[in-house]
Amino acid sequence: MLLDVKQLSVSYGGIHAVREISFHINRGERVTIIGANGAGKSSTLKALAGLVRIEKGTVLFNDKLINAVPAFARVSEGLCLVPEGRGIFQRMTIEENLWMGAYSQPNGSLKQHLDQVYAIFPRLYERRLQNAGTLSGGEQQMLAIGRALLSQPQLLMLDEPSMGLAPQMVDHLFEIIGRVVETGVSLLLIEQNAQLALNLCDRAYVMDTGEIILAESAEACLNHPLVQQAYLG
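Residue numbers (my numbering): 15 to 247.
Set out below in structure tokens:
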């Protein structure tokens, strides 16, 4: 098992965003968490990445307790988050942004890993000397994912990768994400388009008001009445 989360709780002041949820991800597995806005999905990913404090519960990554491990060190352990909103450095070039993703890797491996990312995202190679702020929204999302891949993650966490993108770009982006996970990277995905997420992933958890209310295979979720009514229209 790659990730094992038990009784995880996250609060902001007196507001309970995540309430004692438990879930796991096996090596090479693709898992999605779906739910309405405010369900606690992003707070869950931020807690796993070390960006918000875990109020209660345990997070094991590669059988190691990481509750107290700082965010930057979790990246070195192989746990990487591409946040909602992408978080790229707009005044830096595309290639400089990618270099930032490799800070935890040995210097000698940079060129090889950079070439691998450019092979997945040829558009980034074509524009590598441009400032990142000149890219379209879809291209910026590719850059954010490429930067994460430079850290050589074992578990890639994506928070709403399709947000704000045109439908054609969304389809292209998910095709690329599918190619990325085929390389053996495990995936934890939050995505507003539940149909796309369930078609890509192996298993799914459904969250509502901070709790996991359903845990099924992605195929079973596609046919579940609750999911069909609430998230698939």
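For glycine and all other residues, C-beta sits at the position ideal for the given N, C-alpha and C.
Quick caveat, the model's predicted, so the values are computed rather than measured.
| said: Quick check on DSSP: helix, strand or coil for Tyr-132? | reply: helix
| Who are the Cβ neighbours of His-186 in its own chain at under 8 Å, not counting the five residues just before and after it? | Only Gly-152 meet the Cβ criterion.
| query | Between the C-alpha atoms of Phe-103 and Arg-161, what's the straight-line distance to the nearest angstrom? | reply | 11 Å
| For Val-194, which of Gly-42, Leu-228, Gly-101 and His-30 has the nearest alpha-carbon? | Gly-42
| request: Could you tell me whether the Cβ atoms of Val-149 and Leu-112 are closer together than 8 Å? | output: Here residue 149 turns out to be Leu, not Val, going by the sequence shown. The answer is no: Cβ separation not under 8 Å.
| Using a Cβ-Cβ cut-off of 7 Å (strictly less than) and excluding sequence neighbours within five positions of Glu-174, which residues of its own chain qualify? | For Glu-174, same chain residues with a beta-carbon under 7 Å away, outside a window of 5 residues either side, are Glu-98, Ile-204, Glu-205 and Gln-206 in chain order.
| query | By Cβ distance below 6 Å, which residues in the same chain neighbour Met-171 in space, the five residues on each side in sequence not counted? | reply | Leu-59, Leu-95 and Leu-202
| task | Could you work out which residue in Glu-34, Val-19, Leu-17 and Tyr-132 is closest to Ser-25 when comparing CA atoms only? | result | Glu-34
| task | Assign Ala-218 to one of three DSSP states: helix, strand, or coil. | result | strand
| task | Could you tell me the distance, in whole angstroms, from the CA atom of Leu-214 to the CA atom of Gly-192? | result | C-alpha separation (whole angstroms): 7 Å.
| field | Same chain only: Cβ atoms within 6 Å of Glu-109, ignoring 5 sequence neighbours per side | value | Arg-142
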